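Colleague: With the sequence shown counted from 1, adding 3 to any position gets you my numbering.
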Amino acid sequence: MKNKALLSTEQREELIKILKTRFEKNPKRHENIQWEDVQKKLESNPGKLWSLNEMERTEGKPDVVGYDKKTDEYLFIDCSAESPKGRRSLCYDRDALNSRKEHKPVNSAIDLASELGIEILNEEQYRELQTLGNFDLKTSSWVKTPEEIRKLGGAIFCDRRYNNVFLYHNGAESYYAARGFRGILRV
4 MKNKALLSTE QREELIKILK TRFEKNPKRH ENIQWEDVQK KLESNPGKLW
54 SLNEMERTEG KPDVVGYDKK TDEYLFIDCS AESPKGRRSL CYDRDALNSR
104 KEHKPVNSAI DLASELGIEI LNEEQYRELQ TLGNFDLKTS SWVKTPEEIR
154 KLGGAIFCDR RYNNVFLYHN GAESYYAARG FRGILRV
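Structure below.
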């Protein structure tokens, strides 16, 4: 992960205001979770606030979707209706990016997730997100690809069509304007 600058007081306050508003507008995503508890956790984790700000900056619209009792962490996932605009047109990972001889994308999904301090969703997390709303009706999102598929040059992605979540495969070096990735951050 890159060295991160901490947010200024103004940036921190603005981000917390945005997150609180989103939290209050979407209670179905986080039943039995109190905003005051989330805010305390956020305020004691400035590095995580930086990552959440980057998720917001790239139009992911992160929101709390759960709480892990074992680790005492809140789970933030990108809840934008479509795959985040600031994270599209990316191939899957560094190996895929390096394999392209021409027309390279600016980055890869895995590298950008690392730069933002987040993890790309896996298939299970993606399907769980889809129980909270209808996401990726016009776009698709890369998901964490099993090593055995990646070794053969492939990568997987998901979307929602016809009221169902679909899992597909593609060459990891491919990239499209309508495909990005969704991330998860534990705070």
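The beta-carbon is built from N, C-alpha and C at its ideal position, and this holds for glycine as well.
Here the structure is a predicted model, which means the values were calculated and not measured.
Using DSSP with H/G/I as helix, E/B as strand and the rest coil, what is Arg91?
Modeller: Three-state DSSP puts Arg91 in coil, outside helix and strand.
Colleague: Using the beta-carbon count (16 or more within 10 Å), is Phe169 buried or exposed?
Modeller: Result: exposed.
Colleague: Based on the DSSP output, what are the partners of Asp66 in its beta bridges?
Modeller: The partner list for Asp66 (beta bridge, DSSP) reads Ile80.
Colleague: Does the beta-carbon of Met4 have 16 or more other beta-carbons within 10 angstroms, so that it is buried, or is it exposed?
Modeller: Confidence at Met4 is low in this model, with a pLDDT of 41, below 50, so its placement is unreliable and no value can be given for it.
Colleague: Could you tell me the alpha carbon to alpha carbon distance between Arg91 and Phe184, rounded to whole angstroms?
Modeller: About 7 Å.
Colleague: Specify, as a first and last residue, the run of the alpha helix (DSSP H) that Tyr129 falls within.
Modeller: Looking at the DSSP string, the run of the alpha helix (DSSP H) that includes Tyr129 is Glu126 to Gln133.
Colleague: Starting from the C-beta of Tyr171, find all residues in its chain whose C-beta is less than 8 Å away, skip the five residues before and the five after it, and write them out in chain order.
Modeller: So the qualifying residues of the chain are Ser143, Ile159, Phe160, Cys161 and Asp162.
Colleague: So for Phe184, helix, strand or coil by DSSP?
Modeller: Looking at Phe184 - three-state DSSP - the assignment turns out to be strand.
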